[in-house]
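The structure appears right after this line, and notes come after that.
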Amino acid sequence: MSNLNSYPDASELFEFFCTEPSFFDGEKGHFAYEISVGSEGVLIFSFSVVEGWVQTVLKFKDNVVTKFLSEGISEVWISTGTDNALCAQGGFNGSTVALRLRVYPDLCIDWSILED
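With the working numbering, you'll find the sequence shown wraps up at 169, consecutive numbering, no jumps.
Listed below in C-alpha cells is the structure:
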C-alpha cells in the first residue's frame with residue numbers, strides 16, 4: 054500500500070469532470086466520478102489517496118466493456134491547455150504505469166505500461 058504524493062483538489066476534479074463525486078470515503082481517501090458517455094455509455098474513474106490505486110471502468114448498456122486498475126500510483130494531476138487531460142503515473146512490480154484520460158470533447162482512455 055502506498056499513498057499518492059500529489060493529486061488534484063476537489064475543485065479541480067469538479068472542473069475536470071463537471072460533476073461532484075458519485076462516491077467518497079474520507080477515511081480511505083477514495084473518490085469515484087461517474088459520467089455519461091454518449092446515450093448509453095458510462096465512464097467510472099476512481100482512485101484512492103491512501104492506497105495509491107487508480108481505476109477506469111467503461112460500461113455500455115450496463116455491461117462492463119473494459120476495466121483497468123493499477124496499484125502503486127504516486128501522482129495524479131490535470132494537464133491544462135489544449136490537452137486538458139487527467140494523468141496518473143506510478144510504478145508497480147518493476148513496471149512504470151501511466152494513464153492519460155480525456156473526457157471532453159471526446160472520451161480518450163490511454164493506459165500504458167513499461168516493463169523494466
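Using N, Cα and C, we set each Cβ at its ideal position, and we do this for glycine too.
Endpoints, the beta strand (DSSP E) within which residue i is located
{"i": "residue 168", "result": "161–168"}
{"i": "residue 64", "result": "Unbroken run through residue 64 is the alpha helix (DSSP H), 63–70; no beta strand (DSSP E)."}
{"i": "residue 78", "result": "76–78"}
{"i": "residue 86", "result": "83–90"}
{"i": "residue 124", "result": "116–124"}
{"i": "residue 103", "result": "No beta strand (DSSP E) contains residue 103, which DSSP labels as neither H nor E."}
Minimum C-alpha distance to residue i - residue among the options
{"i": "residue 168", "options": "150, 157, 107, 123", "result": "150"}
{"i": "residue 93", "options": "114, 109, 122", "result": "114"}
{"i": "residue 104", "options": "81, 112, 86", "result": "81"}
{"i": "residue 141", "options": "158, 99, 74", "result": "99"}
{"i": "residue 136", "options": "84, 122, 157, 108", "result": "157"}
Close Cβ partners of residue i (< 6 Å) along its chain, the five nearest in sequence each way excluded
{"i": "residue 143", "result": "125, 126, 127, 150"}
Contact set for residue i: own chain, Cβ-Cβ below 8 Å, skip 5 residues either direction
{"i": "residue 138", "result": "131, 132, 153, 154, 155, 161"}
{"i": "residue 60", "result": "100, 102, 128, 129, 130"}
CB of residue i within 9 Å of CB of residue j, strictly
{"i": "residue 112", "j": "residue 97", "result": "yes"}
| Ordered list of beta strand (DSSP E) runs contained in the stretch 127–162, each at least 3 residues | DSSP assignment within the stretch 127–162 yields the following whole beta strand (DSSP E) runs of 3 residues or more, N-terminal first: 138–145, 148–155.
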